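**Student:**
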Amino acid sequence: MMDVRENVPLAPLTTFKIGGPARYFVDVHNEEEMKAALAWARERGTRCVVLAGKSNILVPDEGLNALVISIASETFSFAGTELAADAGCNLLSLIRAAGEKSLGGWEKLAGIPGTIGGAVRGNAGAFGPEIKDFVTKVCAFDADTGEMREFENVACNFSYRHSFFKDDPKWIITRVYIELTRAEPVASARETENTITERERRHIQNVQAAGSYFMNPVASEEARNMFEEEKGVRSREGRVPAGWLIEKAGMKGARVGDAVASEQHPNYLKNDSHATAVQVKELARKIKDAVKAKFGIELQEEAVIL
Ligand SMILES: Cc1cc2nc3c(=O)[nH]c(=O)nc-3n(C[C@H](O)[C@H](O)[C@H](O)COP(=O)(O)OP(=O)(O)OC[C@H]3O[C@@H](n4cnc5c(N)ncnc54)[C@H](O)[C@@H]3O)c2cc1C
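Position 181 (the sequence shown) corresponds to 163 in this note's numbering; numbering is contiguous.
Spelled out as C-alpha cells, the structure:
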C-alpha cells in the first residue's frame, strides 16, 4: 500500500527552506514503489515531480499542485573496487562508507549535499573532480513507458553540470555504479573531513541556499583575461565563475527582502531568514540584468526553479 500524504510542507525538506506544500507526497524506496506512484498519478491525471535530496531546488511559495515523488532508496553494496548504490543514497554517507571499506579517490566531492542520483543528473563537482570521473554505469527508468535501461558513462553525455538525464527528465535514475581506487581508511576519512572543513571555510557548507544558483558561463576573451589577471588562475573550459561576475557587476551582498547574494560567495543566493521564492527570483533577475549590462553575459540557473 502506498502512503500518499496530502498537503506536505516542502520548505523544511529543502536546503533553501523556502516554498509551500506538496498537494500529494510519497517516498519511494524501490522500482515497484516508483511504478505504483507513477500509476497513481496517471490514474488521477496528476502531474509528478521527482525530487531526492532537495538541495538544488527552489519550490514556489504557493507549493506544488502535483504528486511529489521523493526518492528514498538507500541500499548500496561493494564488489571489489566497485560501488553499486541506489539513487537515493546520500553522497557523503557513501563517501564515508567507501572509505571504511578501503575505497576512495572521490573525497573532494564530500560535503556536496543530496543524493548520488541527484549528483549524476547534474554532474555535481567540487575542487576539480566531478561525479562523472567515477561513474561507470547508470540504471534509469523511463517514466513514460516503464522501460529500464543501462547507460554506460559515455552514454550519460556528461559535461559541466550536465548529463543526458538533465536534458530528458522522463528518465529517472534508479542505480549508480561507481569505480573507486584502493585507499587507506584513515587517510580517506582525513581527506573527507579536510574537504568539509575547507567548504566551511569558504562558506559553501550548511547554508540556506541551493548551492551555486547560476552556472559558470563561457565568457568573452575580455572577461576571461580580466578574471585570470585578477585571480592569477586559468579559467576552465573558457568559463569564469558566476560569483566573480556577480561581484564585478556590483551585486555582492545585494538583497531583495530576505534573499541575499552571499558576501562570501555571491553565487549563493541565501535565505537570510524568511525569504520567499518570489524574492529569490527577483534577486536572481536583478543579478542577471546587472551581469548582462556589465559583461554581455546571460547567466543560466543551475538550481532547478520548480
Ligand atoms: C550548501 C550547498 C552546497 C552545494 N555545493 C555543491 C557543490 O559543491 N557542487 C555541486 O555540484 N553542487 C552543489 N550543491 C547543489 C546540490 O547539492 C547538487 O546539485 C546535488 O547533486 C543535488 O542532489 P539532490 O539529491 O539534492 O537533488 P534534488 O535537489 O532533489 O533535485 C535536483 C534535480 O535533480 C532531479 N533528480 C534528483 N534525483 C534524481 C534521480 N534519481 N533521477 C532523475 N532526476 C533526479 C530532480 O528532479 C531535480 O530536477 C550544493 C547545494 C547546497 C545547498
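Each residue gets a CB set at the ideal place from its N, CA and C atoms; glycine is no exception. Bear in mind that the values here come from a model prediction, so they are computed numbers and not experimental data.
1) If you drop the 5 nearest sequence neighbours on each side, which residues of the same chain put their C-beta closer than 6 Å to that of residue 221?
2) Name the residue from 5, 49, 113 and 39 whose alpha carbon lies nearest to the alpha carbon of residue 21.
3) Entirely within the segment 241 to 268 and at least 3 residues each: give me those beta strand (DSSP E) ranges in chain order.
4) According to DSSP, what are the bridge partners of residue 122?
5) Quick check on residue 215: buried or exposed, where buried means 16 or more other Cβ atoms within 10 Å of its Cβ?
6) Any chance the segment 44 to 58 sits against the segment 142 to 150, with 3 or more Cβ pairs inside 8 Å?
7) May I ask whether a heavy atom of ligand 1 can be found less than 7 Å away from the beta carbon of residue 187?
8) CA-CA distance, residue 83 and residue 236?
9) Given that a residue counts as buried once 16 or more other Cβ atoms are within 10 Å of its Cβ, and exposed if not, what is residue -6?
10) Is residue -8 close to chain D? Criterion is C-beta to C-beta, closer than 8 Å.
11) Could you tell me the boundaries of the alpha helix (DSSP H) in which residue 169 lies?
12) When the distance is taken between beta carbons, is residue 1 closer than 8 Å to residue 289?
13) Grouping DSSP H, G and I as helix and E and B as strand, with all else coil, what is residue 29?
14) Between residue 97 and residue 69, how many whole angstroms is the CB-CB distance? I'm expecting something under 8 Å.
15) Buried or exposed, going by whether 16 or more other CB atoms sit within 10 Å of the CB of residue 284?
16) Can you tell me the Cβ-Cβ gap for residue 11 and residue 79, rounded? I've got them flagged as a contact below 8 Å.
17) Give the straight-line distance between the Cα atoms of residue 245 and residue 211, rounded to the nearest whole angstrom.
18) Between the C-alpha atoms of residue 51 and residue 13, what's the straight-line distance to the nearest angstrom?
19) Can you name the residues that DSSP bridges to residue 53?
20) With a threshold of 7 Å (Cβ to nearest heavy atom), would residue 351 be considered close to ligand 1?
21) Looking only at its chain, what residues have a beta carbon closer than 7 Å to the beta carbon of residue 174, apart from the 5 residues adjacent to it on each side?
22) Is the beta carbon of residue -14 closer than 8 Å to that of residue 6?
23) Does DSSP classify residue 222 as helix, strand or coil?
24) Taking the alpha carbon of residue 29 as the reference point, which residue from 125, 241 and 260 has its own alpha carbon closest?
25) How long is the line joining the alpha carbons of residue 143 and residue 39, rounded to whole angstroms?
26) Just to confirm the assignment, what range does the beta strand (DSSP E) spanning residue -10 have?
27) Using a Cβ-based criterion (distance less than 7 Å to any ligand heavy atom), does residue 108 qualify as near ligand 1?
28) CB residue 120 to CB residue 113, shorter than 8 Å?
29) Give me the Cβ distance between residue 190 and residue 252, rounded to the nearest whole Å; I'm assuming they're in contact under 8 Å.
**Tutor:** Taking the structure as given:
1) So the qualifying residues of the chain are 198 and 200.
2) The residue among 5, 49, 113 and 39 with its C-alpha nearest the C-alpha of residue 21 is 49.
3) Counting only runs of 3 or more, we get 241 to 243 and 251 to 253.
4) DSSP lists 131 and 155 as partners of residue 122.
5) Counting Cβ neighbours within 10 Å, residue 215 comes out exposed, since fewer than 16 surround it.
6) Segments in contact, no.
7) Within 7 Å of the C-beta of residue 187 there is at least one heavy atom belonging to ligand 1.
8) When rounded, the distance between both Cα atoms is 45 Å.
9) Of the other Cβ atoms in all chains shown, fewer than 16 fall within 10 Å of the Cβ of residue -6; this residue is therefore exposed.
10) Protein chain content of the structure displayed is limited to a single chain, and chain D is not contained in it.
11) Segment 167 to 183, the alpha helix (DSSP H) holding residue 169.
12) The structure shown does not extend to residue 289, since the chain is modelled only from -17 to 288, so the question has no answer here.
13) Under the three-state reduction of DSSP output, residue 29 falls in the coil class, being neither helix nor strand.
14) So it is a contact: roughly 6 Å between Cβ atoms.
15) Of the residues assessed, residue 284 falls on the buried side of the cut-off, its CB having 16 or more other CB atoms within 10 angstroms.
16) About 18 Å separates the two Cβ atoms, so there is no contact after all.
17) Those two C-alpha atoms are separated by around 22 Å.
18) Looking at the two C-alpha atoms, the distance is approximately 12 Å.
19) Looking at the DSSP output, residue 53 sits in a beta bridge with 10.
20) Since the displayed the chain opens at -17 and closes at 288, residue 351 lies outside it and no answer follows.
21) Once the five neighbours on either side are set aside, the close Cβ partners of residue 174 are 77, 78, 81, 89 and 92.
22) Going by C-beta atoms, residue 6 is nearer than 8 Å to residue -14.
23) In this structure, residue 222 counts as coil in the three-state DSSP scheme.
24) Looking from the CA of residue 29, the closest CA among 125, 241 and 260 belongs to 125.
25) Near 14 Å, if we compare the C-alpha coordinates of residue 39 and residue 143.
26) Residue -10 -> beta strand (DSSP E) spans -13 to -9.
27) Distances taken from the Cβ of residue 108 to the heavy atoms of ligand 1 include one shorter than 7 Å.
28) No, the pair does not count as a contact, with Cβ atoms beyond the cut-off.
29) The pair is a contact, with the Cβ atoms about 6 Å apart (cut-off 8 Å).
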